[in-house]
Amino acid sequence: MAACPITDKTIAAIGTTYTWPGMREDIARYVAECPTCQVVKSSNQVTPGLLSPLDIPCRRWEQIHIDLIGPLPVTPRGFDAIVTIVDRLSKAAVFIPTTITSMY
Numbered sequence: 019m020a021a022c023p024i025t026d027k028t029i030a031a032i033g034t035t036y037t038w039p040g041m042r043e044d045i046a047r048y049v050a051e052c053p054t055c056q057v058v059k060s061s062n063q064v065t066p067g068l069l070s071p072l073d074i075p076c077r078r079w080e081q082i083h084i085d086l087i088g089p090l091p092v093t094p095r096g097f098d099a100i101v102t103i104v105d106r107l108s109k110a111a112v113f114i115p116t117t118i119t120s121m122y
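The opening position of the sequence shown corresponds to residue 19 in the numbering used here, with each subsequent residue numbered one higher.
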């Protein structure tokens, strides 16, 4: 297992009083599964940038949002999904029944 500062500190603290065969592995496994240890450990992820608003479109259907809803229960006509298309300016929506398997 890779060295971890929390694991090393825990081993050092417990090792002053207790010892047992496989102690390092037991402590490393405990630290890896401990919810508190997961919350307090430092993150190595890059902080995301600030959100910026989208420009307001000038004309209808100039900018749209498209999404797929599914899988859904199969209809009598064999559809199991819906493609949704929404105009950003007017909020008008179009719903197109489809099948997920036809998209792959």
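Note that CB positions come from ideal geometry on N, CA and C, so glycine has one too.
Going by C-alpha to C-alpha distance, which of the options sits closest to residue i?
i	options	result
Thr-116	Ile-103, Gly-96 and Asp-105	Gly-96
Tyr-48	Thr-65, Thr-102, Asp-98 and Thr-25	Thr-25
Lys-109	Ile-87, Gly-88, Asp-98 and Pro-75	Pro-75
Go ahead and label residue i buried or exposed: buried means 16 or more other beta carbons lie within 10 angstroms of its beta carbon, across all protein chains shown.
i	result
Thr-34	exposed
Ile-45	buried
Roughly how many angstroms separate the alpha carbons of residue i and residue j, rounded to a whole number?
i	j	result
Thr-93	Pro-53	44 Å
Ile-90	Ile-118	Reading off the sequence, residue 90 comes out as Leu, not Ile. Each residue's Cα considered, the two are about 9 Å apart.
Val-112	Pro-66	33 Å
Ile-32	Val-58	19 Å
Trp-79	Asn-62	41 Å
Check whether the Cβ of residue i lies closer than 7 Å to any heavy atom of the ligand SAM, and answer yes or no.
i	result
Arg-77	Among the components modelled here there is no ligand, and therefore nothing to report on the ligand SAM.
Problem - Minimum length 3: unbroken beta strand (DSSP E) runs contained in the stretch 42-120 - result: 82-87, 99-105 and 111-116
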